[in-house]
Structures are given as structure tokens and as C-alpha cells.
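Each remark here refers to the structure printed beneath this line.
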Ligand code: C5P
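Numbering (my numbering), first residue to last: 381 to 666.
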């Protein structure tokens, strides 16, 4: 039986500035995206009979029909390359759902990469075009690493790898719909951020500068939905970590170069919050 097993890495935004709302309802962004070690595991198996199916372990209430981006990705790939066979997709979820970590987008990207490996078709450009049809974060999730993202997130420029940081991820056990956070963002005016300083800090591998200029323009909107995030931020801060909401939230990451501080925060927060995980920057090359 032909089968591939693929990791689907979570994504965080080290910097996220939301620009104008566009006519298509999306927002133009400028963001520094980073893939991290937290991952789902996606297994694709070619079936000898029956329709394509998706099953999940630890997927909670996630749908398993084509509302799930992973199955949608396969159906798009199958149609584009006129593939007759069907597959079984199994996803072992570890990335919290609707958490600002691009878990669903990364699963969909993993399906595209896995399908290419199984059927030996599709160029990088083909996968990229399919990814952009599926969602704003899916193109980044195809290749991961460190990137400057523009447009609605699909215009990507690779960036030098970050200096070593630990990412302590804390999720309060609730889901937040990205769309709702953007809608609240549109209703108010928020401080304008500049990306230039963090790009300069990244060019010089200046860890202190990166921590100084790391920011998330969606954070205030996300905090309005989940005031408890302020408590998580304060706790991470107590351990000397830079707390930042991930994407549209509600996961909060604490950034530090100090392994001892990361472990101390982990130990303390682990029994308080439903999801606490230590992660580091990772891409698909290692
Ligand atoms: O592209 P994706 O389906 O992941 O986006 C989810 C929602 O987030 C969109 O429906 C839109 O409301 C919002 N969004 C946005 N601008 C972006 C990305 C997402 O407004 N650049």
C-alpha cells in the first residue's frame, strides 16, 4: 500500500501589521512568519477501493468532510491533476484548533506536499497556486522557515533564520475565529506598526532588537475577545519572556533566548492552563 507520513508544522507571527481592508474582504498584511516545532502528523494512504476519507485523532469537533481544509486540499489536487485514485488522510492533531497557529492551513499544505510525493506530479508553482486558493496561510505553510509575508499572506520572501529563541506556547482552552478578530479590528482604530525596525534587527541577528520590535497588530482585538489573555501575558512576563498573541489568537507565545527562563515558565504554567508547550523555530529541511 502506497503511503506517506508528513509533519505539518505550526506557524507563528513574530510581527504582524494589518494594513487596509481590501475589496475582496481580506486585509493586506506585512508579517514575519516562522514555522515552529509543534506539529500535527499527516498520513496519506492510497486506497484500492472506496472514496477518499479523512479521519482525525484528537481533532475535537473538527469536521471530516470537505469543510476541513485538509480534505479540500486533496480534492483540489485530485481535480487539478486528474487523479483517479482515492486516498485516506489521517491527521494526528497536536496543534490546538482555531488557536492562531495555522494548524488547519498547515495540515492542508502537508496534504498537498504528500499528494505530490505519492503521485509524482505538480511543481512548486502548482502547489503554491493551489495553496493560495485554500487560504491565506497555506502558501507559507507549504515551505515554512522564516519569511516576510505581504498581500493577504501569500506574497512570500524568504528571510534569514532567526537567532535561537524558545517559544513557550500557552492556550487558555478556547477557540477564536480569525474572521471575528478581523471584523473587530475593522471597527476601531489601532496603533500603526512599522516593520522596518524588526527587519533591520533580523538582518543583524540582533536578538534583543527582535524582542524589542516583535509586535502583533491583531493582539488588542484578540484581547477584547479573550480578556484572560492579559493574565497569560502577565505570567509570561513575570518569567522575563516577551509575551505576544499568536496571529488572531488566542494562543499566547512567550519568547526568550534563556532556556532556564523558558523551562521555569513551563513548569509554573503547565498545571494552570490546558495547553502549554515548549517549541523552537523549525523548517522542513531538518
Ligand atoms: O484565508 P483564511 O481563510 O485563512 O482567512 C480567514 C479569515 O480571516 C478571512 O475570511 C478574513 O476574514 C480574515 N483574513 C483577512 N485578511 C487576511 C487573512 C485573513 O481579513 N490577510
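Glycine included, every Cβ here is placed at the ideal spot set by N, Cα and C.
Simplified DSSP state of residue i, which is helix, strand or coil
i           : result
residue 658 : strand
residue 535 : strand
residue 575 : coil
residue 546 : strand
residue 479 : coil
residue 381 : coil
residue 617 : helix
residue 501 : coil
residue 401 : strand
residue 517 : coil
Residues near residue i by beta carbon distance below 8 Å, same chain, minus five either side
i           : result
residue 406 : 516 and 532
residue 605 : 556, 560, 561, 564, 629 and 630
residue 653 : 550, 551, 552, 553 and 612
Inter-residue spacing [alpha-carbon to alpha-carbon] between residue i and residue j
i           : j           : result
residue 470 : residue 489 : 14 Å
residue 505 : residue 649 : 42 Å
residue 592 : residue 527 : 19 Å
residue 544 : residue 511 : 29 Å
residue 576 : residue 518 : 25 Å
residue 387 : residue 579 : 28 Å
residue 503 : residue 437 : 30 Å
residue 549 : residue 539 : 23 Å
residue 443 : residue 433 : 12 Å
residue 590 : residue 440 : 35 Å
residue 534 : residue 651 : 38 Å
residue 600 : residue 627 : 11 Å
residue 409 : residue 399 : 5 Å
Any chain D beta carbon closer than 8 Å to residue i
i           : result
residue 628 : You won't find chain D in this structure, because it holds only one protein chain.
Own chain partners of residue i with C-beta closer than 7 Å, once the 5 adjacent residues on each side are dropped
i           : result
residue 573 : 397, 595 and 597
residue 413 : 391, 393, 520, 527 and 529
residue 524 : 389, 415, 663 and 664
Per-residue burial, residue i [other beta carbons within 10 Å of its own, 16 or more giving buried]
i           : result
residue 429 : exposed
residue 381 : exposed
residue 551 : buried
residue 476 : buried
residue 645 : buried
residue 487 : buried
residue 480 : buried
Quiz item: So does the region 611-618 actually touch the region 572-589, counting three or more Cβ pairs closer than 8 Å?
Solution: no
- Query: Does the region 421-428 come close enough to the region 490-502 to have 3 or more Cβ pairs within less than 8 Å?
  - Reply: yes
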